[in-house]
Each structure stands twice: as structure tokens, then as C-alpha cells.
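As C-alpha cells, the structure follows; a few thoughts come after it.
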Amino acid sequence: MPHFLSLPKRALVIISLSVSTQVMASEVIYSWVDANGLVHYSQQPPANDIKFTQVYNDDIEPQKSGYVSAPTKQPTQSTAAEIASAEALLIKAKDPAQAKMLCELAQEKLKLLNSQNRLTRKDSKSGEQVTLSDQERATEITTQQQRIDEFCPKA
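Numbering (the numbering used here), first residue to last: 555 to 709.
Here you go:
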């Protein structure tokens with residue numbers, strides 16, 4: 555009568571066989587570049603006299619997968635000005651009353667910026683009144699002059 559292995563020994567044999575099968579399943583991957591510069595990967599070597607490289611799949615380190623967003627391009631100052639001009643033209647074409655209001659608002663702000671020495675504004679983070687620096691004032695004057703050029707009719 556044949557002697558059968560006990561249950562723990564059978565489990566050990568099955569595990570050993572499955573591990574050895576995985577080790578033997580190591581595959582070769584062939585890589586080569588064709589005449590058009592296209593890279594090919596295959597488990598079969600290329601035909602003819604094509605130069606190729608061999609890589610074993612066990613030697614390849616898995617890479618992290620996931621999504622990486624493409625870097626966004628920040629608009630340049632000239633691009634931002636062009637966008638603002640295009641938006642102004644659109645507003646003037648679609649809603650002349652709004653364009654007139656924006657023109658008058660820019661004229662009033664420019665008049666205020668040029669007539670007052672010490673101007674304050676409300677800080678958006680703290681909510682406190684902050685005095686405009688000379689640089690902020692010059693920037694705001696330039697901005698309002700641009701808005702006048704964009705929204706006010708040429709005289």
C-alpha cells in the first residue's frame with residue numbers, strides 16, 4: 555500500500571512547487587529600435603540582423619503609478635495685457651453701458667490717486683486699513699490708465 559504524505563507535508567510540497575514555478579516563470583523581454591526610430595518591446599527576439607537588448611522582467615523595478623499634472627504656464631505680463639484688452643473689447647461690444655460705467659469708475663479712481671498724497675485701502679487678509687506705498691500707488695495709476703484706454707471712447 556502506497557504511503558501518502560501527511561497534510562502539513564503536502565502543503566509544504568505545494569508551496570515549494572508554486573514558488574519554484576514563479577522563479578522559473580522569469581521572462582526575457584527584448585527591446586530594439588526599428589529603422590523609423592520606433593522602440594519595440596517583445597517576448598520574442600526580433601527577426602533578421604536587428605540589434606537588440608535583453609531585460610529579464612524580474613530585474614525591472616516597478617514604478618509608482620499615479621497622475622502627475624502637467625506644469626501650468628503662467629501668463630506673461632504682455633499676455634495678461636493682451637487678455638485684458640480682448641476682454642475689454644468684448645465688454646464694449648456686448649454691453650456698452652457697462653463699458654461706460656467701467657470707464658467712469660477708472661477715471662474717478664485715477665483722479666483720486668493723483669489728487670491725494672496719503673491713500674489707504676482695506677487689507678483683504680486682516681481687514682485693517684493699510685497705507686498705499688508709492689510703488690502700489692504707481693501700479694494702481696498705471697492700471698487705471700490702462701482701463702481708461704480700454705473702456706473710454708477715444709476723443
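Glycine included, every Cβ here is placed at the ideal spot set by N, Cα and C.
- Residue nearest to Ser596 within the set Asn602, Leu664 and Thr607 is Thr607 (criterion: CA-CA distance).
- Secondary structure note for Lys676: it is in no alpha helix (DSSP H), and the uninterrupted beta strand (DSSP E) holding it is Thr674 to Lys676.
- Ser585 and Val609 do touch by the CB rule: their CB atoms are close to 7 Å apart, below 8 Å.
- In the three-state DSSP reduction, Gln683 falls in the strand class (E or B).
- Counted as a single uninterrupted DSSP element, the alpha helix (DSSP H) harbouring Ile695 occupies residues Asp688 to Phe705.
- Look at Ile583 here: in three-state DSSP terms it is strand.
- Around the beta carbon of Glu636, a 10 Å sphere encloses fewer than 16 other beta carbons of the protein chains shown; the residue is thus reported as exposed.
- Nearest in C-alpha terms to Ile702, of all of Thr685, Thr674 and Leu664, is Leu664.
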